[in-house]
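Q: In this note's numbering, the protein residues as written are 16 to 392.
Idealized CB from N, CA, C, for every residue including glycine.
No experiment lies behind these values; they were computed from the predicted model shown.
I have a structure here, written as structure tokens, and I will follow up with some questions on it.
What follows is the structure, given as structure tokens:
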């Protein structure tokens with residue numbers, strides 16, 4: 016009764032941590048029907064594709080068996096050798112097929128739920144030996160679904176088998192009029208493709224089973240509101256987790272900021288402790304925008320990236336400090352700094368023209384008049 020009430024309370028979708036923990040325990044959605052259908056279909060195709068060597072081996076065994084003399088029939092050593100050689104010949108021809116089948120048996124189940132190996136899943140659990148739990152499973156939704164799938168497989172395979180037999184009945188009857196070699200080849204070909212046809216019927220069952228298993232797996236992982244709260248406290252509430260999150264956020268923000276430096280129009284420095292990067296597009300921006308800023312080591316990194324990308328660096332300590340303290344990243348500079356920044360941008364433009372050989376050398380950057388409310392020492 017308590018389990019039923021608990022299941023009813025589990026209305027919250029599983030968190031990523033709950034999903035990861037269950038995966039570590041080997042609890043992933045699996046569809047036996049999809050795995051069986053894949054193995055059967057690829058196995059049947061393998062029978063058809065690799066039937067040539069098998070046919071040759073069977074024909075050789077058939078001929079060898081038919082050429083036994085009367086004396087050899089009573090020779091036990093000969094019969095033992097003949098039998099061993101026949102078995103070896105047939106199984107040797109099936110080696111490639113068996114290797115392919117083993118690979119498929121390992122590969123196909125991982126298509127749904129992935130490939131994982133968990134020691135926890137192999138650990139013995141006494142709860143699995145509980146007969147009461149076993150009875151409950153028999154009469155649960157899963158048990159009912161297994162019964163429905165078994166009945167559906169019986170009906171579908173039987174129906175597809177009837178269609179295959181009805182389609183090939185004339186070919187099967189004609190085998191009796193062919194030579195042994197031809198009859199074996201045609202018989203195995205009919206058998207192989209009929210097997211492929213029968214195996215495809217299992218895909219209909221898999222198409223129903225896959226979404227059902229996903230639904231059941233998600234239902235089993237659902238959490239109560241209290242479980243979600245407790246998990247939140249256990250993870251994000253821990254100081255070390257919070258510190259790691261803040262560190263990651265800072266690294267992401269800094270990487271994003273540094274990627275904007277090569278696109279900046281000018282870097283204004285203190286010159287040693289402060290560095291700010293400004294970008295201005297006359298056609299799309301109302302005012303110059305701060306795209307990067309930093310002090311000490313970050314300032315040095317901004318200047319290094321600027322030098323690597325040929326971005327002009329201007330030394331203007333009061334202006335650099337004012338922009339740093341009064342402007343947030345990705346924000347326009349304060350209106351009180353428009354004139355000063357315009358002078359810097361004009362200097363950068365003139366310097367660019369001079370470097371390209373199109374103008375005279377610009378005068379040095381003048382002293383700036385920073386409003387009192389925007390000054391910082």
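In this structure, how does DSSP classify residue 33 when only helix, strand and coil are distinguished?
A: Reading the chain shown from its first residue, position 18 is the one you call residue 33. It is helical.
Q: Taking C-beta to C-beta, are residue 54 and residue 120 nearer than 8 angstroms?
A: The count along the chain shown starts at 1 and reaches residue 54 at position 39. The count along the chain shown starts at 1 and reaches residue 120 at position 105. Yes.
Q: Which residue or residues does DSSP assign as beta-bridge partners of residue 290?
A: Looking up residue 290 in the chain shown gives position 275. BP columns for residue 290 point to 284, 309.
Q: Might you give, ordered along the chain, the residues of its own chain that have their beta carbon closer than 6 angstroms to the beta carbon of residue 355, omitting 5 neighbours on each side?
A: As a working mapping, residue 355 is identified with position 340 in the chain shown. Same-chain partners within the cutoff: 334, 383.
Q: What span of residues does the alpha helix (DSSP H) with residue 56 cover, start to end?
A: Walking along the chain shown from the start, residue 56 turns up at place 41. Unbroken alpha helix (DSSP H) run through residue 56: 47-64.
Q: Considering just the uninterrupted stretch of the beta strand (DSSP E) at residue 111, what are its terminal residues?
A: Numbered from 1 along the chain shown, position 96 holds the residue referred to as residue 111. Run containing residue 111: none in the beta strand (DSSP E); it sits in the alpha helix (DSSP H), 110-122.
Q: For the alpha helix (DSSP H) that contains residue 370, what are its first and last residues?
A: Counting from 1 along the chain shown, the entry for residue 370 is found at position 355. Run containing residue 370: 353-370, per the alpha helix (DSSP H) assignment.
Q: To the nearest whole angstrom, what separates the beta carbons of residue 201 and residue 190, a pair I think is in contact under 8 angstroms?
A: Position 186 of the chain shown, counting from 1, holds the residue named residue 201. Position 175 of the chain shown, counting from 1, holds the residue named residue 190. Yes, residue 201 and residue 190 are in contact; Cβ-Cβ is about 6 angstroms, under 8 angstroms.
Q: Does the stretch 56-64 come within contact of the stretch 201-214, defined as at least 3 CB pairs closer than 8 angstroms?
A: Contact between the stretch 56-64 and the stretch 201-214 is present, because at least three Cβ pairs lie under 8 angstroms.
Q: Taking 8 angstroms as the cut-off, does the stretch 255-273 touch the stretch 30-45 (at least 3 CB pairs, one atom from each stretch)?
A: No, because fewer than three Cβ pairs between the stretch 30-45 and the stretch 255-273 fall closer than 8 angstroms, the two stretches do not touch.
Q: Which same chain residues end up closer than 8 angstroms to residue 199 when comparing Cβ atoms and leaving out the 5 residues on each side of it in sequence?
A: Residue mapping note: residue 199 aligns to position 184 of the chain shown, counting from 1. The answer, listed in chain order, is 70, 73, 74, 77.
Q: Which same chain residues, not among the five before or five after residue 381, have their C-beta less than 8 angstroms away from its C-beta?
A: Stepping through the chain shown from its first residue, residue 381 is reached at position 366. Within the same chain, residue 381 has close Cβ partners 358.
Q: Which residue wins for smallest C-alpha separation from residue 294, given the options 63, 274, 104, 93?
A: Looking up residue 294 in the chain shown gives position 279. The shortest C-alpha separation from residue 294 is found at 274.
Q: So, under 8 angstroms CB-CB, residue 164 and residue 220 are touching, yes? Tell me the CB distance rounded to an integer number of Å.
A: Locating residue 164 in the chain shown gives position 149, counting from the first residue. Locating residue 220 in the chain shown gives position 205, counting from the first residue. That belief holds up - the Cβ atoms of residue 164 and residue 220 are roughly 6 angstroms apart, short of 8 angstroms.
Q: Have a look at 303, 291, 327 and flag the residue whose alpha-carbon is nearest the alpha-carbon of residue 312.
A: Translated into the one-based positions of the chain shown, residue 312 becomes position 297. Nearest option by C-alpha distance: 291.
Q: If I measure Cβ to Cβ from residue 178 and keep anything under 8 angstroms in the same chain, skipping five residues before and after, which residues do I get?
A: The sequence position of residue 178 within the chain shown is 163, counting from 1. 212.
Q: In this structure, does DSSP put residue 373 in helix, strand or coil?
A: The residue you call residue 373 lines up with position 358 of the chain shown. Coil.
Q: Identify the continuous beta strand (DSSP E) that holds residue 328 and give its terminal residues.
A: Your numbering for residue 328 matches position 313 in the chain shown. Unbroken beta strand (DSSP E) run through residue 328: 328-330.
Q: DSSP has residue 238 in a bridge; who is on the other side?
A: Residue mapping note: residue 238 aligns to position 223 of the chain shown, counting from 1. According to DSSP, residue 238 bridges with 27.
Q: According to the Cβ coordinates, are residue 7 and residue 305 closer than 8 angstroms?
A: The requested residue 7 is not part of the displayed model; the chain covers only 16 to 392.
Q: Quick one: residues in its chain with C-beta nearer than 8 angstroms to the C-beta of residue 195, no 5 flanking neighbours on either side, listed in chain order?
A: Along the chain shown, one-based indexing puts residue 195 at 180. The residues are 74, 77.
Q: Whether or not the stretch 23-37 and the stretch 89-103 are in contact is what I'm after, with contact meaning three or more pairs of Cβ atoms, one per stretch, closer than 8 angstroms; do they touch?
A: No, the stretch 89-103 is not in contact with the stretch 23-37.
Q: May I have the straight-line CA-CA distance separating residue 353 from residue 362, to the nearest angstrom?
A: Translated into positions along the chain shown, residue 353 becomes position 338. Translated into positions along the chain shown, residue 362 becomes position 347. Their Cα atoms are separated by approximately 14 angstroms.
Q: Shortest alpha-carbon distance to residue 126 belongs to which of 261, 52, 230, 174?
A: Here residue 126 refers to the residue found at position 111 when the chain shown is read from its first residue. Cα-wise, what sits closest to residue 126 is 52.
Q: Between residue 277 and the rest of its own chain, which residues show a CB-CB distance below 6 angstroms, the 5 nearest in sequence each way excluded?
A: Taking the first residue of the chain shown as position 1, residue 277 is located at position 262. Hits under 6 angstroms: 324.
Q: So, using beta-carbon positions, are residue 101 and residue 82 closer together than 8 angstroms?
A: Reading the chain shown from its first residue, position 86 is the one you call residue 101. Reading the chain shown from its first residue, position 67 is the one you call residue 82. Result no, Cβ atoms of residue 101 and residue 82 do not sit closer than 8 angstroms.
Q: Would you check if the distance between the CB atom of residue 285 and the CB atom of residue 319 is smaller than 8 angstroms?
A: The residue given as residue 285 occupies position 270 in the chain shown. The residue given as residue 319 occupies position 304 in the chain shown. Taking 8 angstroms as the Cβ cut-off, residue 285 and residue 319 do not qualify as a contacting pair.
Q: How long is the line joining the alpha carbons of residue 67 and residue 97, rounded to whole angstroms?
A: Counted from its first residue, the chain shown places residue 67 at position 52. Counted from its first residue, the chain shown places residue 97 at position 82. Roughly 22 angstroms separates the two Cα atoms.
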